[in-house]
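S.K.:
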Amino acid sequence: MARILIVGAGGVGGVVAHKAATMPCFSEVMLASRTAARVEAVAAQVRGLTGRELATATVDADDVPALTALLRKFRPETVINVALPYQDLHIMEACLAAGVNYLDTANYEPPEVAHFEYSWQWAYKKRFEDAGLMALLGCGFDPGVSGIFTAYAQKHVFDEIHYVDIVDCNAGDHGKAFATNFNPEINIREITQNGRYWEHGRWIETKPLEIHQGVDYPEVGVRESYLLYHEELESLVKNIPHLRRARFWMTFGQKYINVLSVLQEVGMTSITPVHYNGMDIQPLQFLKAVLPKPETLGENYTGQTSIGCQLRGIKDGTERTYFIWNNCDHAACYRECRSQGVSYTTGVPAALGAKMMATGLWRRPGVWNVEEFDPDPFLAELAHWGLPWHFLLNPLLAFSP
Ligand code: NDP
Numbered sequence: 056m057a058r059i060l061i062v063g064a065g066g067v068g069g070v071v072a073h074k075a076a077t078m079p080c081f082s083e084v085m086l087a088s089r090t091a092a093r094v095e096a097v098a099a100q101v102r103g104l105t106g107r108e109l110a111t112a113t114v115d116a117d118d119v120p121a122l123t124a125l126l127r128k129f130r131p132e133t134v135i136n137v138a139l140p141y142q143d144l145h146i147m148e149a150c151l152a153a154g155v156n157y158l159d160t161a162n163y164e165p166p167e168v169a170h171f172e173y174s175w176q177w178a179y180k181k182r183f184e185d186a187g188l189m190a191l192l193g194c195g196f197d198p199g200v201s202g203i204f205t206a207y208a209q210k211h212v213f214d215e216i217h218y219v220d221i222v223d224c225n226a227g228d229h230g231k232a233f234a235t236n237f238n239p240e241i242n243i244r245e246i247t248q249n250g251r252y253w254e255h256g257r258w259i260e261t262k263p264l265e266i267h268q269g270v271d272y273p274e275v276g277v278r279e280s281y282l283l284y285h286e287e288l289e290s291l292v293k294n295i296p297h298l299r300r301a302r303f304w305m306t307f308g309q310k311y312i313n314v315l316s317v318l319q320e321v322g323m324t325s326i327t328p329v330h331y332n333g334m335d336i337q338p339l340q341f342l343k344a345v346l347p348k349p350e351t352l353g354e355n356y357t358g359q360t361s362i363g364c365q366l367r368g369i370k371d372g373t374e375r376t377y378f379i380w381n382n383c384d385h386a387a388c389y390r391e392c393r394s395q396g397v398s399y400t401t402g403v404p405a406a407l408g409a410k411m412m413a414t415g416l417w418r419r420p421g422v423w424n425v426e427e428f429d430p431d432p433f434l435a436e437l438a439h440w441g442l443p444w445h446f447l448l449n450p451l452l453a454f455s456p
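Each position in the sequence shown, counted from 1, maps to that position plus 55 in our numbering.
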């Protein structure tokens, strides 16, 4: 039985806390974050819905000595980092100092540049290896289950995967004029960047939201889907041999794009500080402060998310296609843990990844991405913990080679 420490009490942290509280492999679950009120609100919800009492703490994860002290006192086996990407390296440092394993759902991004890549965290590989500790990177849905689905197809369906298109649709309606489904600052930094995909051994850059097409999603129908750069592309092209092309697509409604364009045009998505009333204010951080928080969207959210991988490759010399996906209902997430589907589809894999580590099914010193582990034990439990998955062999894909 392992103790587990969750850092971050936002939309995703709430789901991880609910799920970890119901996993018998965790003897004690602590939730720690920067703002005490958010920690206590989640702890009260978990108590009400599961009957389990969480340990709680307030910590600034950027303060490495303070976090190290908390880890030394609570002695968890693993930290589940569901704070923001800015905290990744600080939390990894504290884990090394205190001898604790690490798991996250988003790769490191420096606050001052809207740029994310794995190199910063992969550079920790030897230090984790030498310490006999494990860091599991990107164990949400995408990144996360998207890589595990691809690893499963590599293991069971193909000799060689040549084309992967990750397709991410949120067909839900939260009834708000404008809101993002996970942290607004991180979300808007991601969407307003140039797009990028990998083809024939090199990265090809596109303008933000420049390439788009309709994709038919299960139980949802055709939705316009936009090519974005997403971090699992970087690890998949490294870890899945024979790939010729890897892309990521996400749906956005026209209204969302219109509002985002206006906010961009008037400078509200900028991360360059503006001097106002005697202080420096970052417009995007101010915008984040006025937008709804992800954990407040769940109550009247209707509709589903649908996220999966469309794959093409060969088996025994013959071309085949494969589609593997999950659909998740926002209202069901709210009934179960007062969350919405985007937080839920991220939080469930994070808690399950920590369970894989605690039970020894995924355990190897070093720094790893999810597709580097056996997908079978993870996918064997994913439906049980709330995310049923489906597949079709040789469907007509949305994309040609
Ligand atoms: P929220 O903004 O709702 O929550 C973030 C939480 O982190 C808040 O409780 C915040 O505290 C806390 N936090 C921020 N800075 C610190 C700090 N220095 N020390 C301690 N706690 C801190 O975000 P989400 O829950 O929506 O997202 C969480 C993470 O999940 C993000 O990294 C996001 O990128 C990732 N994600 C991954 C997905 C995937 O599929 N892989 C999909 C969706 C999200 P405070 O209240 O004080 O601000």
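The C-beta atom is built at its ideal place from N, Cα and C for all residues, glycine as well.
Nearest to Q337 by alpha carbon, out of K343, L346 and T327?
M.R.: As a position in the sequence shown, residue 337 is number 282, starting the count at 1. Among K343, L346 and T327, the Cα nearest to that of Q337 belongs to T327.
S.K.: In chain order, which continuous runs of the beta strand (DSSP E) of length 3 or greater are located wholly inside the region 156 to 244?
M.R.: As far as the region 156 to 244 is concerned, its whole beta strand (DSSP E) runs of at least 3 residues are 156 to 159, 189 to 192 and 215 to 225.
S.K.: Taking DSSP as the reference, what is the three-state secondary structure of R102?
M.R.: Along the sequence shown, read from residue 1 onward, the residue named residue 102 stands at position 47. Three-state DSSP puts R102 in a helix.
S.K.: Per the DSSP calculation, N382 is bridged to which residue(s)?
M.R.: Here the question's residue 382 lines up with position 327 in the sequence shown. DSSP, once it has assigned bridges, lists S361 as partnering N382.
S.K.: Look at E240 and L318 and say whether their C-beta atoms are less than 8 Å apart.
M.R.: In the sequence shown, the residue the question calls residue 240 occupies position 185. In the sequence shown, the residue the question calls residue 318 occupies position 263. No, the pair does not count as a contact, with Cβ atoms beyond the cut-off.
S.K.: Under 8 Å, do L144 and R182 count as touching if we go by C-beta distance?
M.R.: As a working mapping, residue 144 is identified with position 89 in the sequence shown. As a working mapping, residue 182 is identified with position 127 in the sequence shown. Against a cut-off of 8 Å, the Cβ pair of R182 and L144 comes out as no contact.
S.K.: Round the Cβ separation of A386 and T357 to the nearest angstrom and send it over; I've been treating them as touching at under 8 Å.
M.R.: For the purposes of this step, residue 386 is taken as the residue at position 331 of the sequence shown. For the purposes of this step, residue 357 is taken as the residue at position 302 of the sequence shown. With 8 Å as the limit, A386 and T357 qualify as a contact, their Cβ atoms being about 6 Å apart.
S.K.: Which residue wins for smallest C-alpha separation from Y179, given the options N225, W423 and G250?
M.R.: As a position in the sequence shown, residue 179 is number 124, starting the count at 1. Among N225, W423 and G250, the Cα nearest to that of Y179 is on W423.
S.K.: Within 10 angstroms of its Cβ, does V397 collect 16 or more other Cβ (buried), or is it exposed?
M.R.: Taking the sequence shown and counting its residues from 1, the one referred to as residue 397 is at position 342. Counting Cβ neighbours within 10 Å, V397 comes out buried, since at least 16 surround it.
S.K.: May I have the straight-line CA-CA distance separating H170 from L451, to the nearest angstrom?
M.R.: Mapped onto the sequence shown, residue 170 falls at position 115. Mapped onto the sequence shown, residue 451 falls at position 396. Taking the straight line joining both Cα atoms gives about 35 Å.
S.K.: Check whether the Cβ atoms of I221 and A208 sit closer than 8 Å, and answer yes or no.
M.R.: As a working mapping, residue 221 is identified with position 166 in the sequence shown. As a working mapping, residue 208 is identified with position 153 in the sequence shown. Going by C-beta atoms, I221 is not nearer than 8 Å to A208.
S.K.: Contact between the region 246 to 263 and the region 391 to 408: three or more CB pairs below 8 Å?
M.R.: The region 246 to 263, when compared against the region 391 to 408, does not touch it at the 8 Å Cβ threshold.
S.K.: What does DSSP give as the partner residues of Q251 in its beta bridges?
M.R.: Within the sequence shown, numbered from 1, the residue matching residue 251 stands at position 196. Inspection of the sequence shows that residue 251 is occupied by Arg rather than by Gln. Per DSSP, E260.
S.K.: Am I right that E436 and G202 are in contact with their C-beta atoms under 8 Å? What's the rounded C-beta distance?
M.R.: On the sequence shown, residue 436 is found 381 positions in, with the first residue counted as 1. On the sequence shown, residue 202 is found 147 positions in, with the first residue counted as 1. The Cβ separation is near 16 Å, so there is no contact.
S.K.: Work out the CA separation of T373 and P296 for me, nearest whole Å.
M.R.: Locating residue 296 in the sequence shown gives position 241, counting from the first residue. Locating residue 373 in the sequence shown gives position 318, counting from the first residue. Computed Cα separation, rounded: 18 Å.
S.K.: Alpha carbon to alpha carbon, how far is R89 from A138? Give it in angstroms, no decimals.
M.R.: Reading the sequence shown from its first residue, position 83 is the one you call residue 138. Reading the sequence shown from its first residue, position 34 is the one you call residue 89. Between A138 and R89, the C-alpha separation is close to 9 Å.
S.K.: Assuming L109 contacts M78 under a Cβ cut-off of 8 Å, what Cβ separation, rounded to an integer in Å, is found between them?
M.R.: By one-based count along the sequence shown, residue 109 stands at place 54. By one-based count along the sequence shown, residue 78 stands at place 23. That belief does not hold up - the Cβ atoms of L109 and M78 are roughly 13 Å apart, past 8 Å.
S.K.: Quick one: which unbroken beta strand (DSSP E) runs of 3-plus residues sit fully inside the region 120 to 146? Chain order, please.
M.R.: Listed in chain order, they are 133 to 136.
S.K.: Looking at C-alpha atoms only, which residue of P432, A234, G353 and N449 is the closest neighbour of G69?
M.R.: The residue given as residue 69 occupies position 14 in the sequence shown. Taking only the C-alpha atoms, the option nearest G69 is G353.
S.K.: So which of P120, P347, L298 and L342 has the shortest CA-CA distance to V321?
M.R.: The residue given as residue 321 occupies position 266 in the sequence shown. The shortest C-alpha separation from V321 is found at L342.
S.K.: Which runs of the beta strand (DSSP E) fall wholly inside the region 365 to 440 and span at least 3 residues, in chain order?
M.R.: Within the region 365 to 440, the complete beta strand (DSSP E) runs of at least 3 residues are 373 to 384 and 421 to 424.
S.K.: Out of Y218, A99, F233 and T205, which has the shortest C-alpha to C-alpha gap to P430?
M.R.: Start at 1 with the first residue of the sequence shown, and residue 430 comes out as number 375. When only C-alpha atoms are compared, the closest one is T205.
S.K.: On a Cα-Cα basis, can you pick out the residue from L126, L125, L122 and Y173 that is closest to P140?
M.R.: Counting from 1 along the sequence shown, the entry for residue 140 is found at position 85. Minimum Cα distance to P140 is reached at Y173.
S.K.: Take I135 and list the residues in its own chain whose beta-carbon comes closer than 6 Å to its own, dropping the five residues that flank it on each side.
M.R.: Counting from 1 along the sequence shown, the entry for residue 135 is found at position 80. Excluding positions up to five away in sequence, the list reads I61, V71, L158, A405 and A409.
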